[in-house]
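Engineer: This structure is in structure tokens; I'll ask about it shortly.
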Amino acid sequence: MELAQRALAVYQRLLIHYGHPQWRKRLSPLDELVSTILSQNTNDTLRDRAFEALRRRFPTWEAVRDADTAEVIATIQTAGLAHRKGPRIQAILRQITALRGELNLDFLRELPDEEAYRWLTQFKGVGPKTAAIVLLFSLDKPAFPVDTHIYRVTGRLGLRAPQMNVEQAHPHLTALFPKETYYAVHLNLIRLGREICQARTPRCSICPLTDLCDYYSKTQQAHTS
DNA sequence: GCCCAGGTGGGTA
DNA sequence: TACCCACATGGG
């Protein structure tokens, strides 16, 4: 099967199995950026806990920017990696202020997609995944965030070459899926990765996509024996 | 107590 | 430039 056809088949089969994902609660681009940085290398529960703690402790992003760094770190501690995330968030808030004169990222909506992506990834702590999340979920821009679930699952489904690394997978998958499918594919692939296609405990017996899965076909003997 | 989740950037070959 | 690893927490 041609790659683009395969991608479309995955999209459609996920829709049949999971349906159209609910739209996530919309955040402002700046809220989404901070929230996504907090989410790096942790789960949604811990991210939300840290984000709410930050909002409770500081009335505005200006207050976070100007706060004592130790206090910011202590506030977001539950998210993990707080000694990195805290200073990086503050540095980003300071840089945005310096570049824009205010703490507001709504202007990114008016930039060409590529330019908005480059603008976000100029900051230390904002990689391809974080930038793509802000673009897709807050700015309605066509970006395809590749997290470890998506990286793993797309490998197994033969949607990318096995040796392709995450940096390469990002533009590859972005080009592979039609823009209008990004939102649903992203959320449904993550759901598949979380619920079924785990790295160490693949539950292939209940996976709805085993007929498209390279991993399954390679290990079928092990699965059926 | 141990295993696991899960992005980014800096260091090293 | 391509890999390897530090970074830290909390839930099961």
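Residue numbers (our numbering): 1468 to 1692. Heads up, the beta-carbon is just placed ideally off N, CA and C, and yes, glycines get one too. Just so you know, these numbers come straight off a predicted model, no measurement behind them.
1. Using alpha carbons as the reference points, say which of H1550, P1645, Y1650 and T1621 lies closest to A1636.
2. Within the region 1557-1594, note down every full beta strand (DSSP E) run reaching 3 residues or more, in order along the chain.
3. Does C1674 come out as helix, strand or coil in the three-state DSSP assignment?
4. Helix, strand or coil for P1645, going by three-state DSSP, please let me know.
5. Could you pull the start and end residues of the alpha helix (DSSP H) that G1486 belongs to?
6. By the three-class DSSP mapping on this structure, what secondary structure does P1669 have?
7. At the level of alpha carbons, what is the spacing between D1535 and G1568?
8. Using a Cβ-Cβ cutoff of less than 8 Å, which residues in the same chain neighbour I1673 once the five nearest sequence positions on both sides are dropped?
9. Tell me the DSSP bridge mates of C1664?
Structural biologist: Considering the structure as presented:
1. If you number the first sequence from 1, residue 1636 lands on position 169. Checked all of H1550, P1645, Y1650 and T1621; the closest Cα to A1636 is T1621.
2. Unbroken beta strand (DSSP E) stretches of 3 residues or longer found wholly inside the region 1557-1594: none.
3. Residue numbering aside, residue 1674 sits at position 207 when the first sequence is read from its first letter. Looking at C1674 - three-state DSSP - the assignment turns out to be coil, as it is neither helix nor strand.
4. Sequence index remark: in the first sequence, residue 1645 carries index 178 (1-based). In the three-state DSSP reduction, P1645 falls in the coil class, being neither helix nor strand.
5. As a position in the first sequence, residue 1486 is number 19, starting the count at 1. No alpha helix (DSSP H) contains G1486, which DSSP labels as neither H nor E.
6. Counting from 1 along the first sequence, the entry for residue 1669 is found at position 202. Taken through DSSP and simplified to helix, strand or coil, P1669 comes out as strand.
7. The residue you call residue 1535 lines up with position 68 of the first sequence. The residue you call residue 1568 lines up with position 101 of the first sequence. Distance between the alpha carbons of D1535 and G1568: 21 Å.
8. Start at 1 with the first residue of the first sequence, and residue 1673 comes out as number 206. I1663, listed in sequence order.
9. Locating residue 1664 in the first sequence gives position 197, where the first residue counts as 1. P1669, per the DSSP bridge assignment.
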